[in-house]
Amino acid sequence: MAAPSAPQPPAGTTWRDLMDVAFGEACKAAQAGEAPIGAALFTPTGTLLASAHNRPIASHDPTGHAEILCLREAARVMGNYRLPDTIMAVTLEPCLMCTGALIHARVAGVVFAARDERAGALVSNLEGCSLPFTNHRLWTVEGVMGTECSSLLKRFFLERRK
393 MAAPSAPQPP
403 AGTTWRDLMD
413 VAFGEACKAA
423 QAGEAPIGAA
433 LFTPTGTLLA
443 SAHNRPIASH
453 DPTGHAEILC
463 LREAARVMGN
473 YRLPDTIMAV
483 TLEPCLMCTG
493 ALIHARVAGV
503 VFAARDERAG
513 ALVSNLEGCS
523 LPFTNHRLWT
533 VEGVMGTECS
543 SLLKRFFLER
553 RK
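Structure (structure tokens):
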């Protein structure tokens, strides 16, 4: 089963509009001392369902990634653990755990800003959505606000290492 091709952004929006919401969440994470990663989930018409930022430190929860928290909130709002036809914008390529959650939630596609060469599981280290044993495929768009999101991450970690 091949991954579906990426559609156009929802009418009246751009991929950047969606990523702006995720970037705002990433900035909140940085202010809270968490890795600056943000996520936002949208309907096919561009309506925001949920947004979140990384909180594993504050929540004492290794699953407290932006994508997971965003999916949890959207599932609560929708009253369903399946979120078909939705679009996630995230500032960093999802890890293996988050990719698995996106597949299980039946998210239609992911727009991400920067590749995660260390732990990315959509394109960098693993094409997680193309594994033959998964029963759902999602499309990806990469590089939207890549420079801004990469710079935020680099500044955050440079500051932490001082």
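Under this note's numbering, think of the first position of the sequence shown as 393, with each following residue one higher.
Beta carbons are placed, not taken as given, at the ideal position from N, Cα and C, and that holds for glycine.
query	result
Could you give the uninterrupted runs of the beta strand (DSSP E) lying entirely in the stretch 403-469, keeping only those of 3 residues or more?	430-434, 440-445
For the 8 Å Cβ check, are there 3 or more pairs between the stretch 445-454 and the stretch 393-413?	no
On the CB-based measure, 16 or more other CB atoms within 10 Å of its CB, does THR485 come out buried or exposed?	Reading off the sequence shown, one finds Glu at residue 485, where the question assumed Thr. Looking at its Cβ environment, which holds 16 or more other Cβ atoms inside 10 Å, GLU485 is buried.
Count the other C-beta atoms from every protein chain shown that fall within 10 angstroms of the C-beta of PHE548, then say buried if there are 16 or more, exposed otherwise.	buried
At a Cβ threshold of 9 Å, is SER543 touching chain D?	As a matter of chain content, chain D is missing from the structure shown, which is built from one protein chain.
Leaving out five residues on either side along the sequence, give the residues of the same chain with a beta carbon under 7 Å from the beta carbon of ALA513.	PRO486, CYS487, LEU488, THR491, GLY520
With the cut-off set at 9 Å, would you say ALA432 and LEU410 are in Cβ contact?	yes
How far does the alpha helix (DSSP H) with LEU488 in it extend, from its first residue to its last?	488-497
Got a sec: does the ligand GTP put a non-hydrogen atom nearer than 8 Å to the Cβ of GLU426?	The ligand GTP is absent from the structure shown, which contains no ligand whatsoever.
Using the Cα positions of ALA427 and SER516, report the straight-line distance between them to the nearest angstrom.	19 Å
Do MET537 and THR483 come within 9 Å of each other at the CB atom, strictly closer than that value?	yes
Indicate the three-state DSSP secondary structure (helix, strand or coil) for GLU540 in the structure shown.	helix
If you draw a straight line from the alpha carbon of LEU461 to that of SER443, how long is it in whole angstroms?	8 Å
Straight-line CA distance for GLU534 to CYS541?	12 Å
Can the beta-carbon of ALA500 be found less than 9 Å from the beta-carbon of LEU530?	yes
Taking PRO401 as the reference, which of SER522, ALA481, GLU417, PHE525 has the closest Cα?	ALA481
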